[in-house]
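The structure appears right after this line, and notes come after that.
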DNA sequence: GCTCCGATCTTTACAATGTAAAGATTAGTA
DNA sequence: TACTAATCTTTACATTGTAAAGATCGGAGC
């Protein structure tokens, strides 16, 4: 691991280095060469693992998205019924990005959030956070004994998603001061849906 | 204007060139030097008008934001009552970015949407699209004779904004195919609020 | 008209970056 | 043990942002 010619696990090390750079210096300071330098490797070494910079960034996004998904799961696990789980999930969605505004900018600056997870897919059903939301929503319907058409369900989920995502976006915009405490659980819950 | 040493209106020309590059080749192809080349000017000429690349990009964002604000105004002007104006404004918010997905990515990738309009300010009250929304919302309250506390009003506006912005974000994510027609006025109106 | 000043633009230069190509090193396999 | 493919280094080049020094020009004042 120290001074060997072969790094051992360069691919993952580059991803970790990328995340570290984003957290410490911001996304605009992220470069192939800096990530390589952090791994004590020549600036061309990453090309053995990634086709180009875009592919490295994609892998980093996939990693951060996984973190995000885990956070959503954890939030839901603590709740007893599906209704409170749905609200808690929305709160958690906003909270994750309020705590990591740089991640919001990083993840959603490409407008292609699915491709990083499953390169061949481009449907929201392949986007883990969406899948989690849909699961919880369907549980909620069942729990309450509510019957809805497929289209109504689709619209409901879209509304929920848009609500959480929109609030997260507004909360993350450092230039948009709202007289709002984005860490106040009750306050955010009141905004959701 | 043709081959003179002084361009005449380079500042605006650079902004227009930037917008053109974004529309034709995407934001990632936007560079100081390409914008300068489009204006038939040396690559260092922009520094007479902008401190650095960031400032040029800020000016471009301000210009696009102005376009966006005009669109919102136009949408509201056609409506007779404030309630329909509010809905139409939300539809217009989404529609503008569905028609120009690159603009969404461009405008909201910085997370500092106010600074470009008024460099010294960082409050949402200085962000024209927000001001338009607030205006229309307050007219709506008056029209309906509804009394609400300052906090309730604040929350309502935030909900409206987040709803529209979130839908726009989801609609713009090319990797997220929804079985949804983002040009269907009625369908989008049903999703708002 | 002429002079001068500041704004505007060019030229030159340099460092950082992404990436291609050729070769060195090594792990794992036949 | 020899070979092969994966991994990494070195070298090279084009593109970029930006700084510095100087050229050009428009307009204010005389």
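Protein chains in written order, with the numbering used here: chain W, 1 to 193; chain L, 194 to 386.
Think of the CB as a built atom: it goes at the ideal place given N, C-alpha and C, for glycine as much as any other residue.
Worksheet item: Does DSSP put residue 194 of chain L in a helix, in a strand, or in coil?
Response: Working through the second chain from its first residue, we reach residue 194 of chain L at position 1. Residue confidence is low: residue 194 of chain L scores 44 on pLDDT, short of 50, so the model does not pin down where it sits. Its coordinate-derived value is still stated next. In this structure, DSSP gives residue 194 of chain L a state outside helix and strand, which the three-state scheme calls coil.
Worksheet entry | Identity of the residue in W/154, W/18, W/131 nearest residue 374 of chain L by Cα | For this step, residue 374 of chain L is matched to residue 181 along the second chain. Check the Cα spacing between residue 374 of chain L and each of W/154, W/18, W/131: the tightest is with W/154.
Worksheet item: Relative to chain L, which residues along the region 88-115 of chain W have a C-beta separation below 9 Å, given in chain order?
Response: When C-beta distances to chain L are compared with 9 Å, the residues of the region 88-115 of chain W below that value are 101, 102, 104, 105, 108, 109, 110, 111, 112, 113, 114, 115, in chain order.
Item to complete: Round the Cβ separation of residue 106 of chain W and residue 172 of chain W to the nearest angstrom and send it over; I've been treating them as touching at under 8 Å.
Response: Sequence index remark: in the first chain, residue 106 of chain W carries index 106 (1-based). Sequence index remark: in the first chain, residue 172 of chain W carries index 172 (1-based). The C-beta distance from residue 106 of chain W to residue 172 of chain W rounds to 11 Å, too long to fall under 8 Å, and the pair is not in contact.
Practice prompt. Report the rounded CA-to-CA distance for residue 31 of chain W versus residue 57 of chain W, giving the unit in angstroms.
Written response: For the purposes of this step, residue 31 of chain W is identified with residue 31 of the first chain, where counting begins at 1. For the purposes of this step, residue 57 of chain W is identified with residue 57 of the first chain, where counting begins at 1. Spanning the two alpha carbons is a distance of roughly 9 Å.
Practice prompt. Check the DSSP bridge columns for residue 370 of chain L and list the partner residues they point to.
Written response: Taking the second chain and counting its residues from 1, the one referred to as residue 370 of chain L is at position 177. Per DSSP, W/123.
Worksheet item: Do residue 395 of chain L and residue 134 of chain W have their CB atoms nearer than 8 Å?
Response: Here chain L comprises residues numbered 194 to 386, so residue 395 of chain L is not present and cannot be evaluated.
Worksheet entry | Spatial neighbours of residue 72 of chain W in its chain, beta-carbon cut-off 7 Å, leaving aside the 5 residues before and after | On the first chain, position 72 is the one that residue 72 of chain W refers to. Same-chain partners within the cutoff: 89, 92, 93, 129, 132.
Worksheet item: How about residue 352 of chain L: is its C-beta nearer than 8 Å to some C-beta of chain W?
Response: For the purposes of this step, residue 352 of chain L is taken as residue 159 along the second chain, with counting starting at 1. It does; some Cβ of chain W falls within 8 Å.
Worksheet item: Can you find a C-beta in chain L that's less than 8 Å from the C-beta of residue 174 of chain W?
Response: Here residue 174 of chain W is taken as the residue at index 174 of the first chain, counted from 1. At least one chain L Cβ lies under 8 Å of residue 174 of chain W.
Practice prompt. Pull up the CB-CB distance for residue 169 of chain W and residue 358 of chain L, whole angstroms please, since I reckon it's below 8 Å.
Written response: Residue mapping note: residue 169 of chain W aligns to position 169 of the first chain, counting from 1. Residue mapping note: residue 358 of chain L aligns to position 165 of the second chain, counting from 1. Confirmed, Cβ separation roughly 6 Å.
Worksheet item: Per the contact definition of three or more C-beta pairs closer than 8 Å, is the region 67-82 of chain W in contact with the region 30-49 of chain W?
Response: Too few Cβ pairs lie closer than 8 Å, so no.
Fill in: Any C-beta of chain W under 8 Å from that of residue 359 of chain L
Here the question's residue 359 of chain L lines up with position 166 in the second chain. Yes, residue 359 of chain L lies at the interface with chain W (some Cβ there is under 8 Å from its Cβ).
Worksheet item: Going by the beta-carbon positions, is the gap between residue 241 of chain L and residue 208 of chain L smaller than 8 Å?
Response: The sequence position of residue 241 of chain L within the second chain is 48, counting from 1. The sequence position of residue 208 of chain L within the second chain is 15, counting from 1. Result no, Cβ atoms of residue 241 of chain L and residue 208 of chain L do not sit closer than 8 Å.
Worksheet entry | Closest by C-alpha distance to residue 230 of chain W, when choosing among W/82, W/109, W/18 | No statement about residue 230 of chain W is possible, as the shown extent of chain W runs from 1 to 193 and does not include it.
Fill in: alpha helix (DSSP H) runs wholly inside the region 22-74 of chain W, at least 4 long, in chain order
The qualifying runs are 32-38.
Worksheet item: Within the 8 Å Cβ cut-off, does residue 194 of chain L reach chain W?
Response: In the second chain, the residue the question calls residue 194 of chain L occupies position 1. Its pLDDT being 44, under 50, residue 194 of chain L is placed unreliably in this model, and the coordinates cannot settle the point.
Worksheet item: Listed from N- to C-terminal order along the chain, which residues in the region 204-232 of chain L have their beta-carbon within a distance smaller than 9 Å of any beta-carbon of chain W?
Response: Using a CB distance below 9 Å, no part of the region 204-232 of chain L faces chain W.
Worksheet item: At a CB-CB cut-off below 8 Å, which residues of chain L make contact with residue 188 of chain W?
Response: Along the first chain, one-based indexing puts residue 188 of chain W at 188. None at all; the shortest Cβ gap to chain L is about 10 Å.
Worksheet item: Excluding five sequence neighbours on each side, which residues of the same chain lie with their C-beta closer than 7 Å to the C-beta of residue 319 of chain L?
Response: Residue numbering aside, residue 319 of chain L sits at position 126 when the second chain is read from its first letter. Cβ-Cβ distances below 7 Å link residue 319 of chain L to 307, 310, 311 in the same chain, with the five nearest sequence neighbours on each side left out; the list follows chain order.
Worksheet entry | Closest Cα partner of residue 216 of chain L within the set L/297, L/280, L/202 | Position 23 of the second chain, counted from the first residue, corresponds to residue 216 of chain L. The shortest Cα separation from residue 216 of chain L among L/297, L/280, L/202 belongs to L/297.
Discussion item. Tell me the residue span of the alpha helix (DSSP H) that contains residue 349 of chain L.
Written reply: In the second chain, the residue the question calls residue 349 of chain L occupies position 156. Its alpha helix (DSSP H) spans residues 343-365.
Item to complete: Determine the direct distance from the alpha carbon of residue 4 of chain W to that of residue 78 of chain W, and round the result to whole angstroms.
Response: Here the question's residue 78 of chain W lines up with position 78 in the first chain. Here the question's residue 4 of chain W lines up with position 4 in the first chain. C-alpha separation (whole angstroms): 45 Å.
Fill in: Distance between residue 75 of chain W and residue 84 of chain W (C-alpha atoms, nearest Å)
The count along the first chain starts at 1 and reaches residue 84 of chain W at position 84. The count along the first chain starts at 1 and reaches residue 75 of chain W at position 75. Residue 84 of chain W and residue 75 of chain W have their C-alpha atoms roughly 10 Å apart.
Worksheet item: What are the uninterrupted segments assigned as alpha helix (DSSP H) that are 4 or more residues long and contained completely in the region 267-342 of chain L, given in chain order?
Response: As summarised for the region 267-342 of chain L, the continuous alpha helix (DSSP H) elements at least 4 residues long and confined to that stretch are 275-292, 294-301, 321-337, given in chain order.
Discussion item. Under 8 Å, CB to CB, which of the residues in the region 330-350 of chain L have a partner in chain W?
Written reply: Taking 8 Å as the Cβ-Cβ cut-off against chain W, the residues of the region 330-350 of chain L that qualify are 347, 348.
Worksheet entry | Start and end residues, alpha helix (DSSP H) containing residue 191 of chain W | On the first chain, position 191 is the one that residue 191 of chain W refers to. Bounds of the alpha helix (DSSP H) holding residue 191 of chain W are 185-191.
Worksheet item: Can you find a CB in chain L that lies within less than 8 Å of the CB of residue 67 of chain W?
Response: Numbered from 1 along the first chain, position 67 holds the residue referred to as residue 67 of chain W. By this cut-off, residue 67 of chain W is not an interface position.
Practice prompt. Find out if the Cβ-Cβ distance for the pair residue 192 of chain W, residue 163 of chain W is shorter than 8 Å.
Written response: Looking up residue 192 of chain W in the first chain gives position 192. Looking up residue 163 of chain W in the first chain gives position 163. Their beta carbons are under 8 Å apart, which means residue 192 of chain W touches residue 163 of chain W by this criterion.
Item to complete: Excluding the 5 residues preceding and the 5 following residue 194 of chain L in the sequence, name in chain order all residues of the same chain whose CB lies nearer than 8 Å to its CB.
Response: Numbered from 1 along the second chain, position 1 holds the residue referred to as residue 194 of chain L. Residue placement at residue 194 of chain L cannot be trusted, given a pLDDT of 44 that sits under 50; the coordinates are not used to answer.
Worksheet item: In terms of alpha-carbon separation, which member of L/329, L/360, L/302 lies closest to residue 26 of chain W?
Response: Within the first chain, numbered from 1, the residue matching residue 26 of chain W stands at position 26. Closest by alpha carbon: L/302.
Discussion item. Taking the straight line between their C-alpha atoms, what separation do you get for residue 206 of chain L and residue 213 of chain L?
Written reply: Position 13 of the second chain, counted from the first residue, corresponds to residue 206 of chain L. Position 20 of the second chain, counted from the first residue, corresponds to residue 213 of chain L. C-alpha separation (whole angstroms): 10 Å.
Worksheet item: With 16 other CB atoms within 10 Å as the buried threshold, where does residue 381 of chain L fall?
Response: Translated into positions along the second chain, residue 381 of chain L becomes position 188. Answer is buried; the Cβ neighbour count reaches 16.
Worksheet item: In its own chain, which residues sit with a C-beta less than 6 Å from the C-beta of residue 139 of chain W, not counting the 5 before and 5 after it?
Response: Residue numbering aside, residue 139 of chain W sits at position 139 when the first chain is read from its first letter. Listed in chain order, the non-local C-beta contacts of residue 139 of chain W below 6 Å within the same chain comprise 82, local neighbours out to five positions each way being set aside.
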